[in-house]
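In this note's numbering, the protein residues as written are 40 to 178. No residue lacks a Cβ here, since even glycine has one placed at the ideal position from N, Cα and C. All remarks here apply to the structure that follows.
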């Protein structure tokens, strides 16, 4: 019998903050992010349309637009349901993908560049909204 070694395709949890966007709409948070949470259990989902950056503002208590952060009991990872958020801003992952995130301590916000997952339609609308130079047709 010939044994074949399985080549692991998933990565071990990074020591740097990383968010994962899944096709299913789940926003995954790695161990480094969960450690940043402390006793914060809620988050606001933010989006900078101009720079196509996603933000996750960590909160100690819930607010009107806050999402609960689910964390597994061993605190190895967490998640937020982001389906509506992603649809609203045209963030459409074609595959589940991890993105490095920076943490702004003053704003208590994780920031990640998600520009590669913004759909073409949303990009077109964004460009027109920012500065359309269309000239109306002459009669």
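* To do: Have a look at residue 140 and residue 57 and give me their C-alpha separation to the nearest angstrom.
  => Spanning the two alpha carbons is a distance of roughly 5 Å.
* Three-state secondary structure (DSSP) at residue 71? -> The DSSP-derived three-state label of residue 71 is helix.
* In three-state DSSP terms, what is residue 154? -> If DSSP states are grouped into helix, strand and coil, residue 154 belongs with the helices.
* Please report how far the alpha carbon of residue 102 lies from the alpha carbon of residue 80, in whole angstroms. => In this structure, the alpha-carbon of residue 102 lies about 11 Å from that of residue 80.
* Asked: Can you check whether the CB of residue 121 is closer than 9 Å to the CB of residue 109?
  -> Cβ distance not < 9 Å, so residue 109 and residue 121 don't count as in contact.
* The alpha helix (DSSP H) enclosing residue 40, as first and last residue numbers -> Counted as a single uninterrupted DSSP element, the stretch harbouring residue 40 is not any alpha helix (DSSP H), since DSSP gives it neither H nor E.
* Return the chain-ordered ranges of every beta strand (DSSP E) run that is complete within the segment 45-123 and spans a minimum of 3 residues. => Look at the segment 45-123 and you find these whole runs of beta strand (DSSP E), each 3 residues long or longer: 57-60, 65-68, 81-87, 92-98, 117-120.
* **Three-way DSSP call (helix, strand, coil) for residue 141 in this model** => Residue 141 falls in the strand class under three-state DSSP.
* To do: Just the C-alpha distance for residue 154 and residue 84, rounded to the nearest angstrom, thanks.
  => When rounded, the distance between both Cα atoms is 16 Å.
* Since I believe residue 131 is in contact with residue 91 (beta carbons under 8 Å), could you give me their beta-carbon distance rounded to a whole number of angstroms? => Not a contact, Cβ separation roughly 13 Å.
* Asked: For residue 75 versus residue 97, is the C-beta distance shorter than 9 Å?
  -> Yes, the Cβ-Cβ distance between residue 75 and residue 97 is below 9 Å.
* Of all Cβ atoms in chain D, is any one closer than 9 Å to the Cβ of residue 128? -> Of the chains in the structure shown, none is chain D; there is only one protein chain.
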